[in-house]
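In my numbering, the protein residues as written are 342 to 556.
Here it is, written out as structure tokens:
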């Protein structure tokens, strides 16, 4: 019998990631974290109930803690969190215009049912419930986004900006109020029903790799 090629042995060491692992990761057991989703950094990361992280989505806590709320969706190649420890904050007079007395700029928080679409970047202190950050949009660090806002595709929200509830950012940086959502609870309810159906679909179609982060 020919000798076994040692290069083919199943005991060969596995490749390990060189990316830093967060100091703590709290993942609700009902969350869905797809294979190849990345949770990296040095500060704690919390993933809430029913949240969905698609393949190749990135949650980075290098610069601050990150909390992904209940029912949030982070799509492929989207990034949530501050990726560097140097916050690069501007002088106090500019910083305070977009920050609360509670210092929300010290972390990144996605409220319930927030959607972050493909290639979007969110470094905001807070994104309110039901808001959508569309494809390729950028929300600067320290920004506070209200509830049910829409940051349209390829638009940008400057750092330390505050947006009221129901704001729509479009054509780069133009703003308006979505009065339909604001004044029609039935339409808002229908919008959230679609979001919940989408969550159910993802749970059926995407394999859950949550054990990697909870073991």
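A virtual CB, placed ideally from N, CA and C, is assigned to each residue, including glycine.
Quiz item: Residue range of the alpha helix (DSSP H) that residue 450 falls in?
Solution: By one-based count along the chain shown, residue 450 stands at place 109. No alpha helix (DSSP H) contains residue 450, which is instead part of the beta strand (DSSP E) from 448-451.
Self-check item: C-beta neighbour in chain C for residue 478, strict 7 Å
Solution: Protein chain content of the structure displayed is limited to a single chain, and chain C is not contained in it.
Exercise. Could you check what DSSP says for residue 552 in three-state terms: helix, strand or coil?
Key: Position 211 of the chain shown, counted from the first residue, corresponds to residue 552. Of the three classes helix, strand and coil, the one that applies to residue 552 here is helix, per DSSP.
Quiz item: So, are the CB atoms of residue 451 and residue 409 less than 7 Å apart?
Solution: Position 110 of the chain shown, counted from the first residue, corresponds to residue 451. Position 68 of the chain shown, counted from the first residue, corresponds to residue 409. Yes, they are a contact pair.
Practice problem: Starting from residue 516, follow the beta strand (DSSP E) in both directions and report where the run begins and ends. | Solution: For the purposes of this step, residue 516 is identified with residue 175 of the chain shown, where counting begins at 1. Residues 515-518.
Quiz prompt | Contacting residues, own chain, Cβ-Cβ under 7 Å from residue 391 (five flanking each side not counted) | solution = Counting from one through the chain shown, the residue named residue 391 turns up at place 50. Excluding positions up to five away in sequence, the list reads 371, 372, 411, 412, 540.
Quiz prompt | Sub-7 Å separation of residue 478 and residue 461 beta-carbons | solution = Here residue 478 is taken as the residue at index 137 of the chain shown, counted from 1. Here residue 461 is taken as the residue at index 120 of the chain shown, counted from 1. In contact: residue 478 and residue 461 (Cβ atoms closer than 7 Å).
Exercise. Assign residue 294 to one of three DSSP states: helix, strand, or coil.
Key: For the chain, the structure presents residues 342 to 556; residue 294 sits outside this window and is missing.
Quiz item: When we look at the beta-carbon of residue 526 and count the other beta-carbons within 10 Å, is it buried (16 or more) or exposed?
Solution: Within the chain shown, numbered from 1, the residue matching residue 526 stands at position 185. It counts as exposed.
Exercise. Report the rounded CA-to-CA distance for residue 419 versus residue 524, giving the unit in angstroms.
Key: Mapped onto the chain shown, residue 419 falls at position 78. Mapped onto the chain shown, residue 524 falls at position 183. Cα-Cα distance, rounded: 31 Å.
Exercise. State the CB to CB distance for the pair residue 554 and residue 400, rounded to an integer number of angstroms; the pair is presumed to be in contact (CB under 8 Å).
Key: Along the chain shown, read from residue 1 onward, the residue named residue 554 stands at position 213. Along the chain shown, read from residue 1 onward, the residue named residue 400 stands at position 59. So it is not a contact: roughly 10 Å between Cβ atoms.
Quiz item: Terminal residues of the continuous beta strand (DSSP E) containing residue 368?
Solution: Mapped onto the chain shown, residue 368 falls at position 27. Looking at the DSSP string, the run of the beta strand (DSSP E) that includes residue 368 is 366-368.
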